[in-house]
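A.B. asks: This structure is in C-alpha cells; I'll ask about it shortly.
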Amino acid sequence: MTSARGHGAIVYCLNSGSEERQTGCHNTLSARRRRTTTVPQLVADHFQASGRRISATTVRNRLHNAGLYARRPVVCVPLNGRQRRNRLCWAREHVSWTQQQWASVLFTDESRFTMESDSGRVLIWREQRTRYHQSNTVERHSYRGGGILVWAGISLGGHTDLHVFHGGTVTGLRYWDEILDPYVRPYAAAIGNDFILMDDNARPHRARIVEEYLEDHGLERMEWPARSPDLNPIEHLWDYLGREVSALNPPPRSLHELKQGLLCVWSSLPIPVSDNLINSMGNRCRQCIQVRGGYIPY
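So in full-length UniProt numbering, spot 265 of the sequence shown is number 265, and the numbers just go up one at a time.
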C-alpha cells in the first residue's frame, strides 16, 4: 500500500487488487478525512490520484458499503471545559427531580424564522449512530439576522402565547416590558408559589432591570448552564413550528404571511407534544452525565 497526497488530504490506494477495491479504499478514506466533501469532488479526486474515471453512483455505493452516509450535521454551539463542567453540575443537581418539580418550570426561549430555505445546508459523510460525535457537528455562534424573532414558553399542561418582536434590538427593558410583565408574571400566578422561570443567559435576560423585576415580584429563576439548547425542551418546538408552517397550503410568501402562519400554528400546538418534551428532562440529565457535560442527542 502506498500513500498519495491530493487536495491537501492524505489518501491511500492499493497497489494490487481490483479497481473496485481501490475505488472503495480511496473514496472511503477521503470522505472520512474530509467529512464535508461532495461526491463530485470525490470523483475528481479519484481521477487525479489514480488516472481512472469512475461514476458518482460507484462512489456512493462504495461509501455506503463502508458504512458512510450523507447526512446533515448537527448544528451546535462550541463548549469549553468550564461550560462542560457547569452542564454536568446542573444535570447532577436535577437528575432526580420529580415530575411535580418539573411541572413548576416555565421553559422559555427565542427563535428566529426566515423565508430562506435550508436546502443549501452542507452534508457530511458519517457512520450510523455517530450523529453527535464531535467530528460530525457544525458550530453555531449566533443567530442570523433578518426574519422574524419570536418568544414563547411551555410548561406541563400548557404554554404561553407566541410573542413576535417587532423591529429593533431586544434589550433588558424590552424583555421586561414585552415578556416578563404581560406573559411571565400572569403565568407564574397561575402555577403558584413554586413557579420557576427558565430562560437562558442571553444578555437581555441578565440585565439589571430584569434581575430587579424578578426580585421585586418574587419570581424565582432557574440557574441555567451557558450554551445548553439541547437541555431546553422548547428547542424542539421551534423545529416543529417551522415544519408545520412550511407545510401550510399555500406556504408563506412574505414575512407577514410567515408571521400569521407562526401565530396560527403555535395557537393550535397540541399539549401532549410539549408535555412529552418536558417529560424527557430526567433522561436529558442522565445522558448529559454520561457524556460528562458534552452534547446529548436531543
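Each residue gets a CB set at the ideal place from its N, CA and C atoms; glycine is no exception.
1) Could you spell out where the beta strand (DSSP E) holding G153 opens and where it closes?
2) Please tell me whether S274 and H159 are closer than 9 angstroms, where the distance is taken between their beta carbons.
3) Just verifying my parser: in three-state terms, what is the DSSP assignment at H163?
4) With A56 and P78 assumed to form a contact (beta carbons below 8 angstroms), what rounded beta-carbon distance in angstroms separates them?
5) How far does the alpha helix (DSSP H) with R243 in it reach, from first residue to last?
6) What would DSSP say about Y143, mapped onto helix, strand or coil?
7) If you run the structure through DSSP and keep just helix, strand and coil, what is I296?
8) If you reduce the DSSP assignment to three classes, tell me which class L197 lands in.
9) Under three-state DSSP, which class holds L88?
10) What residue range is occupied by the uninterrupted beta strand (DSSP E) comprising E110?
11) Taking buried to mean at least 16 other C-beta atoms within 10 Å of its own C-beta, is L173 buried or exposed?
12) In chain order, what residues of the same chain have a beta carbon less than 7 angstroms from the beta carbon of T38, not counting five sequence neighbours either side?
13) Considering only residues of the same chain and omitting the five flanking positions on each side of M281, which have a CB-CB separation below 6 angstroms?
14) Classify I296: buried if its beta carbon has 16 or more other beta carbons within 10 angstroms, exposed otherwise.
15) Any chance the stretch 247–265 sits against the stretch 210–222, with 3 or more Cβ pairs inside 8 angstroms?
16) Round the Cβ separation of L197 and V184 to the nearest angstrom and send it over; I've been treating them as touching at under 8 angstroms.
17) Between the Cα of H236 and those of P225, I278, M222, spot the shortest distance and give me the residue it belongs to.
18) Taking its Cβ as the centre, do 16 or more other Cβ atoms sit within 10 Å of F47, making it buried, or is it exposed?
19) N276 to D230, Cα distance in whole Å?
20) Which of the three DSSP states, helix, strand or coil, is assigned to residue 315?
21) Flag this pair as yes or no: are the beta carbons of P225 and W90 separated by less than 9 angstroms?
22) What do you get for Q290, buried or exposed, if any count of 16 or more other CB atoms within 10 angstroms of its CB means buried?
23) Just reading off the alpha helix (DSSP H) that G282 is part of, what are its end residues?
24) Which residue's Cα is closest to the Cα of E178: I154, H205, E244?
25) Helix, strand or coil for G168 per DSSP?
C.D. replies: Well, looking at it:
1) Indexing the sequence shown from 1 puts residue 153 at position 153. Per DSSP, the continuous beta strand (DSSP E) segment holding G153 begins and ends at 148–155.
2) The residue labelled residue 274 in the question sits at position 274 within the sequence shown. The residue labelled residue 159 in the question sits at position 159 within the sequence shown. Yes, Cβ-Cβ distance for S274 and H159 is below 9 angstroms.
3) Translated into the one-based positions of the sequence shown, residue 163 becomes position 163. Strand.
4) Here residue 56 refers to the residue found at position 56 of the sequence shown. Here residue 78 refers to the residue found at position 78 of the sequence shown. Their Cβ separation, rounded to whole angstroms, is 34 angstroms, which puts A56 and P78 out of contact at 8 angstroms.
5) Numbered from 1 along the sequence shown, position 243 holds the residue referred to as residue 243. Unbroken alpha helix (DSSP H) run through R243: 235–246.
6) As a first step, residue 143 must be located in the sequence shown, where it is residue number 143. Per-residue confidence for Y143 stands at a pLDDT of 40, beneath the threshold of 50, marking its modelled position as unreliable; no derived number is given.
7) Mapped onto the sequence shown, residue 296 falls at position 296. Residue state, collapsed to three classes: coil.
8) Taking the sequence shown and counting its residues from 1, one reaches residue 197 at position 197. Three-state DSSP puts L197 in a strand.
9) Here the question's residue 88 lines up with position 88 in the sequence shown. In the structure shown, L88 sits in a helix (DSSP, three-state: H, G or I).
10) As a working mapping, residue 110 is identified with position 110 in the sequence shown. Start and end: 105–113.
11) For the purposes of this step, residue 173 is identified with residue 173 of the sequence shown, where counting begins at 1. Exposed is the call here.
12) The residue you call residue 38 lines up with position 38 of the sequence shown. Correct list: empty, nothing qualifies.
13) In the sequence shown, counting from the first residue as 1, residue 281 sits at position 281. The answer, listed in chain order, is W102.
14) Here the question's residue 296 lines up with position 296 in the sequence shown. So I296 counts as buried.
15) When Cβ pairs closer than 8 angstroms are counted between the two stretches, the stretch 247–265 is seen not to touch the stretch 210–222, the count staying below three.
16) Sequence index remark: in the sequence shown, residue 197 carries index 197 (1-based). Sequence index remark: in the sequence shown, residue 184 carries index 184 (1-based). With 8 angstroms as the limit, L197 and V184 qualify as a contact, their Cβ atoms being about 6 angstroms apart.
17) For the purposes of this step, residue 236 is taken as the residue at position 236 of the sequence shown. Checking every option, the nearest Cα to that of H236 belongs to I278.
18) For the purposes of this step, residue 47 is identified with residue 47 of the sequence shown, where counting begins at 1. Classification for F47: exposed.
19) Sequence index remark: in the sequence shown, residue 276 carries index 276 (1-based). Sequence index remark: in the sequence shown, residue 230 carries index 230 (1-based). Computed Cα separation, rounded: 15 angstroms.
20) What the structure shows of the chain is the stretch from 1 to 298, and residue 315 is not part of that stretch, so it cannot be assessed.
21) Position 225 of the sequence shown, counting from 1, holds the residue named residue 225. Position 90 of the sequence shown, counting from 1, holds the residue named residue 90. The answer is yes: Cβ separation under 9 angstroms.
22) For the purposes of this step, residue 290 is taken as the residue at position 290 of the sequence shown. The residue in question, Q290, is exposed, as its Cβ has fewer than 16 Cβ neighbours within 10 Å.
23) Within the sequence shown, residue 282 is the residue found at index 282, counting from 1. 281–290 is the extent of the alpha helix (DSSP H) around G282.
24) As a position in the sequence shown, residue 178 is number 178, starting the count at 1. Here the closest residue by C-alpha is H205.
25) Against the sequence shown, residue 168 aligns to sequence position 168. Secondary structure of G168 (DSSP, three-state): coil.
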